[in-house]
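Trainee: Count the sequence shown with full-length UniProt numbering and you get residues 1 to 248, in order.
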Amino acid sequence: MVSSQLKWQPQKTYTNLLSRVAVLPTVLTWHQTEFTGIWFGCFESDEQVQEHPVTMLTRFDPGGFFPLHGHPGGEEILVLQGNFADETGVHPPGTYMLNPEGFNHRPYSEKGCLTFVKLRQHGGKTRQQVRVNIYDLPWASDVIPEIEVKPVYEQTDFPEKVWIERWQPGTKLSKVVESEVKEIFLIEGTWSDEWGNYPMGSWLRYPPGCSYSPSSATGCLLYVKTYPLDINRFIVGKDFKHPSETMT
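1. Of all Cβ atoms in chain C, is any one closer than 8 Å to the Cβ of residue 167?
2. On the CB-based measure, 16 or more other CB atoms within 10 Å of its CB, does residue 75 come out buried or exposed?
3. Put residue 36 into one of helix, strand or coil per three-state DSSP.
4. Please go through the UniProt domain "ChrR-like cupin" (20-121) and give each complete beta strand (DSSP E) segment of 3 or more residues, from N-terminal end onward.
5. If you run the structure through DSSP and keep just helix, strand and coil, what is residue 217?
6. Have a look at the DSSP bridge pairing and note the partners of residue 127.
7. Can you find the residues in the same chain that come closer than 6 Å, C-beta to C-beta, to residue 183, ignoring five residues on each side of it along the sequence?
8. How big is the Cα-Cα spacing for residue 167 and residue 147?
9. Is the Cβ-Cβ distance between residue 207 and residue 45 less than 8 Å?
10. What three-state label does DSSP hand residue 167 in the structure shown?
11. If you compare alpha carbons, which of 34, 110, 121 and 117 is closest to residue 86?
12. Would you list the one or two residues that DSSP bridges to residue 222?
13. Please confirm whether residue 169 and residue 186 have their CB atoms less than 8 Å apart.
14. The ligand MN and residue 225: does the residue's C-beta get closer than 7 Å to at least one heavy atom of that ligand?
15. Could you please give me the residues that DSSP links to residue 147 through a beta bridge?
16. Who pairs with residue 204 in a beta bridge, going by DSSP?
17. With residue 193 as the anchor, note down where its beta strand (DSSP E) starts and where it stops.
18. Could you check what DSSP says for residue 209 in three-state terms: helix, strand or coil?
19. Identify the residues that DSSP records as bridge partners of residue 227: which are they?
20. For residue 107, is the classification buried or exposed, using 16 other Cβ atoms within 10 angstroms of its Cβ as the cut-off for buried?
21. In three-state DSSP terms, what is residue 197?
22. Write down the C-beta distance between residue 65 and residue 37 rounded to the nearest angstrom, noting that I regard them as a contact closer than 8 Å.
23. Return the chain-ordered list of same chain residues with a C-beta closer than 8 Å to the C-beta of residue 260, the five sequence neighbours on each side being excluded.
24. Where DSSP assigns a beta bridge to residue 153, which residues make up the other side?
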């Protein structure tokens, strides 16, 4: 039997986009789900949007799987450890996927894996599907010499942008002021600001107007996402049904 404390319960977590948020992996609680061999580590959730977290780590035990399902509002997946698999193939660490509305799959992992996942945040019927490995993409120079970037997702008529940043050891910036909401996930290394030090696996969100001075003593690899404060961020489709619910 799994204790009630370990079972995921729908809840509201870090929903205020005007507040700075930092969640370290050391304080993350792993919740068992109703899906075979699947665990959620929640960064952000809203039970009025969906029962499960909308930004999270998803851990597959060996043999763990989801049944056939789709995603209202689309989904993002970044494979961190192990091999994530579905009908499109077996995807190793570094694989980034944006699956738009209308895409259905049965994710599983034979030997177990860990993924960073964002749900219901890429609505729109004309979203492009993306499937790349971030380690295969070329680096481009940034305006700051100590930082290199890899664009991952940007599409005309949609406001969200996703990219990867690599910071050299000892990089320090002063007085960064965000114009949009910025989210950061630490893929490798450590990241710091005035309020703390953040190891690999940390998730941060900075609101527009937030001023801070980030640095990385060790160097780091970051997933970065930005979007305007005033977008309709989550898609809540009352008429959405999973593929298994539409079969006769």
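Using N, Cα and C, we set each Cβ at its ideal position, and we do this for glycine too.
In this text, all values refer to a predicted model and were calculated from it rather than measured experimentally.
Mentor: Reading it off the structure:
1. Looking at the structure shown, chain C is missing, and only one protein chain is on hand.
2. buried
3. coil
4. 21-23, 30-32, 38-44, 55-60, 75-82, 84-86, 89-91, 95-99 and 113-119
5. coil
6. Beta-bridge pairing links residue 127 to no other residue.
7. 205 and 225
8. 5 Å
9. no
10. strand
11. 110
12. 165 and 186
13. no
14. In the structure shown, the ligand MN is absent, as is every other ligand, since no ligand is present at all.
15. 167
16. 22 and 184
17. 191-193
18. coil
19. 181
20. buried
21. strand
22. 7 Å
23. The structure shown does not extend to residue 260, since the chain is modelled only from 1 through 248, so no value can be given for it.
24. 162
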